[in-house]
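Here the structure is laid out as structure tokens; the discussion comes afterwards.
Number of protein chains: 2
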Amino acid sequence: MNTFEKLKRLVVGKALRTEQAIHERLSKKVALAVFSSDALSSTAYATEEILLVLATAYAFGQTNSFGYVIPISMAIATLLIIVAISYRQTIHAYPNGGGAYIVAKENLGTVPGLVAGASLLVDYVLTVSVSIAAGVAAITSAAQGTKFAWITGHRVAICLGFIVIIAVANLRGVRESGSLFALPTYIFLVSFLFMIGYGIVYYFLYDGVVPQPVGEDVMLAEGYLPQGLTLFLLLGAFSNGCAALTGIEAISNGVMAFKKPESKNAAKTLIVMAILLCTMFLGTSVLAYLFGVHPHADETVISQFARHIFTGGMGWFYFVVQASTAAILVLAANTAFADFPRLSSLLARDRFLPRQFANRGDKLVFSNGILILALFSALLIVGFGGDTSRLIPLYAVGVFLSFTLSQAGMVRHWLKVRRFDDYDDAIHQSAVEGEKSIPDLHLAIEQSRAPRFVSDDVTSRQHWKKSLVINLIGAIATAVVLTVFILTKFMHGAWLVVVMIPVLVFLFMAIHRHYVSVARQLSMETIHDTLPPIHHTVIVPISGIHRGVIKALQYAKSIAPDNVSAVYVDFDEDATAKLREYWDKLDLGVKLVILPSPYRELTRPLLRYIHKVDRLRDDDIVTVVLPEFVPKKWWQQLLHNQSSLLLKGALLFKEGIIVTNVPYHLN
Amino acid sequence: MNTFEKLKRLVVGKALRTEQAIHERLSKKVALAVFSSDALSSTAYATEEILLVLATAYAFGQTNSFGYVIPISMAIATLLIIVAISYRQTIHAYPNGGGAYIVAKENLGTVPGLVAGASLLVDYVLTVSVSIAAGVAAITSAAQGTKFAWITGHRVAICLGFIVIIAVANLRGVRESGSLFALPTYIFLVSFLFMIGYGIVYYFLYDGVVPQPVGEDVMLAEGYLPQGLTLFLLLGAFSNGCAALTGIEAISNGVMAFKKPESKNAAKTLIVMAILLCTMFLGTSVLAYLFGVHPHADETVISQFARHIFTGGMGWFYFVVQASTAAILVLAANTAFADFPRLSSLLARDRFLPRQFANRGDKLVFSNGILILALFSALLIVGFGGDTSRLIPLYAVGVFLSFTLSQAGMVRHWLKVRRFDDYDDAIHQSAVEGEKSIPDLHLAIEQSRAPRFVSDDVTSRQHWKKSLVINLIGAIATAVVLTVFILTKFMHGAWLVVVMIPVLVFLFMAIHRHYVSVARQLSMETIHDTLPPIHHTVIVPISGIHRGVIKALQYAKSIAPDNVSAVYVDFDEDATAKLREYWDKLDLGVKLVILPSPYRELTRPLLRYIHKVDRLRDDDIVTVVLPEFVPKKWWQQLLHNQSSLLLKGALLFKEGIIVTNVPYHLN
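Respectively, the protein sequence lines represent chains A and B.
Just so you know, we're using our numbering here: the first sequence kicks off at 1 and counts up by one.
Just so you know, we're using our numbering here: the second sequence kicks off at 1001 and counts up by one.
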């Protein structure tokens, strides 16, 4: 216990007092850094994932196929704009944070809310796996051609190392502080935008094509065979590229972290982020197209053209691009380490996940959520060999499902707003409905749900029709894309997510049913205010007569002066006879019961006897007082029979029996 | 629990009643089979182990070196006769079984007894490993040249398979029944003796030398380099060959299993066994010499000459020899599975091993001893690659140490006999001394030690001088051989045994000290006959107010009507305020204590409070009543905080605190 405690302190550091929780308010510039790493970082792999699918047509002989990267990227950018505008509505309607779980649950009902919650949990796990895998790919790509090229063979180990570092940092209580995020994010932004500008200039001044490595084939997307260009293939490429949209919802979840006026600032930041994301994503696709980059196993697409354009005196800048790409990807993974535990704590407070996820650990973080996320993302990394392109088919399915539910929830929200003449009625009505789902209990369980349905944007409810149309377009667009995802990615791995989400929802509901049933059974409704006296019957199992047994008998007699029986299991006639003789000599005023045990068992005859005594009367409470000697050192316990432990375990499941341990401590 | 129980029944079969223990009395013929498998089976490898050492001189160029097998074998045979005669004395002096542990402990003192016990335990483990390895070698040798030759590569797996089979058979309660042992032992005896006779005739009629396999080098003993013949090398060969003597003590341990007159029958059987062992061992060495057999890695020496002499129509007899050799070696391992648990139960009853080894399991066998033996012998098999010749340097060291102590104990025995005019005085004196070592306790622990010091052979005490000389010669001879062992085998592996034996003795004594100290602390010496009343203080930690808590409070109030406090740990101000309000409304007549917990810990503030209450008065007993709800299914427990469990664990080590669980069972 103590050793474990010491080890824990060494890894996670000193415990923090509850008052030490910091509620930082972020400026727009810092907030952009904090909330956009997930979204922006996906430009590091989105273009490549499109090219990998197009490569299947290239390998089939259609050499012009890579040109489709431009229209596909433009389609994705359009979708991005639609989703961003749609989420702008959510920011205004849910200034206290409108995650998909909350929006869907409040507007569409519990099950859609849980579906959104499950989708998000699954996708947070994938965010960690995909981001870390892509970050490590940026590092191993930079190592190509240097003496460090051998690290490519240790991808999985490096990924796991990063997961452990991020998990420990989060267990120690790294919060989304501006200082941590701002610098790498802005270095990434600047260097990436510079690369795009410089690349386009370079293309028109110098030679335009990245030379293909000799003897290496173009890489195809996982599970695809060379095939002709079809609409289905193009949709597959589109689906893969939509990974660029993941993380765009982050700002709408964290509105309350902005400086006042929160919603306005958040909305502006969202638009800036969307524009930056569009620019960077489209820029990357254009450069890849211009320089005729083909996807390859050992080097990322970005690394290929960056290495090509930054030559001579600019060679060092290539490493700046790769390093800042790796850094922002690690930050993106870190974001999931804040989001996953926060969402699972929300689910746990609503009793859809085990209670252990609800409470902050002694570093004020949701430790259990962090550990579970680290475990599952590590399993995915190992299972998929730390390969981004093998993980991509699983990715973004959950995100788009949550997008769709969230936008649909907003549609419903605007319809509700319309129904009430006075907006405040709507607030009240919704609060009443929300409370009904949880039985009124006097359990001292912290509920602490923040009021959610309070809009600070007066205009939003005046223009409900316009808002409804925007969110409807968002909902339809994301629903269509989700359908495309499932059709094109199902066989490549998305089936796993499609199976997982209902399983999780089922699990949430089973857990909820259990908690509700427990709460009902523990309910105080029919309890009287007085505590009636008890008629005691006490049984003391003994293994002989010694000081420990005497102490237990004394205790037993003090509870039930006239109703104690000592029970001894007979293994050996001689020993039993001796014991009985000594017992009679002692004259303790306690009845001695001898139980036969032809099979030299201890627990079974005792349990049978206790059961028999229990059935004798209905108005008594049976207590089993167990004499137990406790050695000084834990290992000395191994030198004694563990029968008391076995008996305790067996009695735990016997209804109505109370167990008292009377320990006798040894030196 | 139930699943485990079912699985156990499947593996070990139905439980047996105590009365079902069978005490079989054996005729001399059956006893020979039961007790001699260990000793006789060693002829299967003893000669080969001598040749392996001599091969180092052969490889050095001294081609005549194998000739030394004959004088070395004769020296070993002489030693065998001395030891057998020496043990004949023990049979007469200890008709109830004179194991080295008992003889050394009674005559030389506790430490020599424990050294003998430790030596024997170590050697029983080695008996299993060596016998199984040699048995599997007999099987793989027979497979050479057949289509089953590939099994040689799976030696370790086959060995482990045999160990599992023997262990399970013993757990199921196979006893040393005549029917099991007689047939294979006598087939082995007859076929082996026939092989020796036939081999000698064959040598004089036909070609005398076994052709050496082409391209295969002679095998050397593990750890030896080619070297010239020295006295040291010859002593090394002698030491290896002494493995032939292991098991010779078996009859003296089991005198009480013989039909009446026990001692006479046992003594006769011992002499017959010694003669058979001499004949078979010398015969094997002579045949190996005559046919010029060299030791090889893939085929045993016996297999080589047996394959050579049994050709043509007699080919099948070769397989009879190999099969019966393998069978008797497996039986020899089985013998250790009876001896090891029996010795460890003796040690456990004398409190030198954990109590768990003392009791018979529900199949009336000492299950824990069987499992430990199987585990350690399996570890040795894996560690030494299932190779007999690598295990041999460790073997027989323990046996010869126990021989020496046992014989020295007998010398002391005869000196004691001399001291008393009347033999009965000696018996009485010894019994008194024996009892003194264990404190007089009223623990109901079965002592059940059979009287050991009762001789039925009147002549033995009349001729104490002759007996003393015989045992003295035995003691000196085995002591000298033991010294030779340690000198020649130390570097080849015997160091492990030399280290293990004192470690075990140290462990035995530490365990004994613990038990004696416990017994003293639990002693009833200063206990009064009446049980004085107790002043109770009761603390009920609560996590809220619900039916389970009410039940616990009711129980607490029934023990200490005016002295109960409910304790609540404050994690959240609002929840605490609500709880206090509801508590006041209920008006239960119980004081509510609120404990602050700035680090959101539960256990520590509670423990601090309990400690504080405990220190308040000296004349009370503090009981912590823990309300606990027990879900219907065990996995549902995972959905609840395990704080009650943690608290229980922490309280176990707090002196003077009594813990009562008041379970509330849920549906």
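We treat Cβ as the ideally placed atom computed from N, Cα and C, and that holds for glycine.
Amino acids of chain A, ordered along the chain, whose beta-carbon sits closer than 8 Å to that of residue i
{"i": "residue 1653 of chain B", "result": "630"}
{"i": "residue 1532 of chain B", "result": "554"}
{"i": "residue 1144 of chain B", "result": "What residue 1144 of chain B touches in chain A: nothing, since even the nearest Cβ is about 43 Å away."}
{"i": "residue 1536 of chain B", "result": "558"}
Under 7 Å by beta carbon: chain B residues contacting residue i
{"i": "residue 661 of chain A", "result": "1658, 1659"}
{"i": "residue 463 of chain A", "result": "By Cβ distance, chain B contributes nothing, its closest Cβ being about 37 Å from residue 463 of chain A, past 7 Å."}
Candidates the options, of which the one nearest residue i by Cα
{"i": "residue 557 of chain A", "options": "A:589, A:541, A:531, A:548", "result": "A:589"}
{"i": "residue 633 of chain A", "options": "B:1632, B:1635, B:1640, B:1652", "result": "B:1652"}
{"i": "residue 647 of chain A", "options": "A:285, A:608, A:301, A:631", "result": "A:608"}
{"i": "residue 1408 of chain B", "options": "B:1389, B:1256, B:1479", "result": "B:1479"}
{"i": "residue 80 of chain A", "options": "A:26, A:102, A:39, A:523", "result": "A:39"}
{"i": "residue 1171 of chain B", "options": "B:1338, B:1500, B:1548", "result": "B:1338"}
{"i": "residue 282 of chain A", "options": "A:219, A:227, A:68", "result": "A:68"}
{"i": "residue 638 of chain A", "options": "B:1514, B:1568, B:1618", "result": "B:1514"}
{"i": "residue 1211 of chain B", "options": "B:1200, B:1303, B:1308", "result": "B:1308"}
{"i": "residue 597 of chain A", "options": "A:33, A:587, A:576", "result": "A:576"}
{"i": "residue 579 of chain A", "options": "A:606, A:92, A:546", "result": "A:546"}
{"i": "residue 143 of chain A", "options": "A:25, A:323, A:41", "result": "A:323"}
{"i": "residue 1475 of chain B", "options": "B:1006, B:1083, B:1007", "result": "B:1083"}
{"i": "residue 1388 of chain B", "options": "B:1413, B:1295, B:1349", "result": "B:1295"}
{"i": "residue 1544 of chain B", "options": "B:1574, B:1255, B:1537", "result": "B:1574"}
{"i": "residue 346 of chain A", "options": "A:101, A:559, A:412, A:133", "result": "A:101"}
{"i": "residue 1344 of chain B", "options": "B:1043, B:1078, B:1066, B:1120", "result": "B:1120"}
{"i": "residue 1166 of chain B", "options": "B:1138, B:1328, B:1076", "result": "B:1328"}
Beta-carbon separation (whole angstroms), residue i vs residue j, contact threshold 8 Å
{"i": "residue 490 of chain A", "j": "residue 239 of chain A", "result": "Residue 490 of chain A to residue 239 of chain A, Cβ: 10 Å. No contact."}
{"i": "residue 417 of chain A", "j": "residue 494 of chain A", "result": "Rounded, the Cβ-Cβ distance is 35 Å, inconsistent with contact."}
{"i": "residue 290 of chain A", "j": "residue 244 of chain A", "result": "Their Cβ separation, rounded to whole angstroms, is 19 Å, which puts residue 290 of chain A and residue 244 of chain A out of contact at 8 Å."}
{"i": "residue 1613 of chain B", "j": "residue 1595 of chain B", "result": "That pair is no contact at about 12 Å."}
{"i": "residue 1033 of chain B", "j": "residue 1186 of chain B", "result": "7 Å"}
{"i": "residue 1056 of chain B", "j": "residue 1225 of chain B", "result": "7 Å"}
{"i": "residue 1619 of chain B", "j": "residue 1537 of chain B", "result": "Actually they are not in contact, since the Cβ atoms of residue 1619 of chain B and residue 1537 of chain B sit about 10 Å apart, beyond 8 Å."}
Chain A contact residues for residue i, given Cβ-Cβ distances below 7 Å
{"i": "residue 1360 of chain B", "result": "600"}
{"i": "residue 1293 of chain B", "result": "Per Cβ cutoff of 7 Å: no residues; residue 1293 of chain B is ~50 Å from chain A at best."}
{"i": "residue 1636 of chain B", "result": "514"}
Any non-hydrogen atom of the ligand MN closer than 7 Å to residue i Cβ
{"i": "residue 1321 of chain B", "result": "Ligands in the displayed structure: none, and consequently the ligand MN is not present."}
Neighbour list for residue i in chain C, Cβ cutoff strictly below 9 Å
{"i": "residue 1667 of chain B", "result": "Looking for chain C here will not work: the only protein chains present are A and B."}
Within chain A, the residues that residue i reaches when beta carbons sit closer than 9 Å
{"i": "residue 1511 of chain B", "result": "639"}
Neighbour list for residue i in chain B, Cβ cutoff strictly below 9 Å
{"i": "residue 407 of chain A", "result": "Correct list: empty, because the minimum Cβ distance to chain B is about 33 Å."}
Beta-carbon neighbours of residue i, restricted to chain B and to distances below 8 Å
{"i": "residue 547 of chain A", "result": "1521, 1522, 1523, 1524, 1527"}
Against chain A, which members of the stretch 1549-1560 of chain B pass a CB distance test of less than 7 Å?
1550, 1553, 1554, 1555, 1557, 1558, 1559
The stretch 117-130 of chain A in contact with the stretch 328-340 of chain A per 3-pair CB rule at 8 Å:
yes
Count Cβ pairs between the stretch 234-252 of chain A and the stretch 43-56 of chain A that sit closer than 8 Å; are there 3 or more?
yes
Taking contact to mean at least 3 C-beta pairs separated by less than 8 Å, is the stretch 1395-1403 of chain B in contact with the stretch 1110-1129 of chain B?
Counting C-beta pairs closer than 8 Å gives three or more between the stretch 1395-1403 of chain B and the stretch 1110-1129 of chain B, which meets the contact rule.
For the stretch 1561-1592 of chain B, which residues have a beta carbon sitting closer than 9 Å to at least one beta carbon of chain A?
1561, 1568, 1571, 1572, 1574, 1575, 1576, 1578, 1579, 1582, 1585, 1586, 1587, 1588, 1589, 1590
Closer than 7 Å, Cβ to Cβ, to anything on chain B: give me those residues from the stretch 296-328 of chain A, in chain order.
none
Using Cβ-Cβ distances below 8 Å, what residues of the stretch 31-45 of chain A are close to chain B?
Residues of the stretch 31-45 of chain A whose Cβ lies closer than 8 Å to any Cβ of chain B: none.
Members of the stretch 1067-1100 of chain B that neighbour chain A once the beta carbon cut-off is set at 9 Å:
none
Assess, as a yes-or-no matter, whether the stretch 618-631 of chain A is touched by the stretch 542-555 of chain A under the definition of 3 or more beta carbon pairs within less than 8 Å.
yes
What residues from the stretch 1513-1525 of chain B come within 9 Å of chain A, judged by C-beta to C-beta, listed N to C?
Cβ contacts with chain A: 1514, 1515, 1517, 1518, 1519, 1521, 1522, 1523, 1524.
Interface positions of the stretch 597-622 of chain A facing chain B (Cβ-Cβ less than 9 Å), listed along the chain:
597, 598, 599, 600, 601, 621
Please list the residues of the stretch 370-390 of chain A that have a C-beta atom closer than 7 Å to any C-beta atom in chain B, keeping them in chain order.
none
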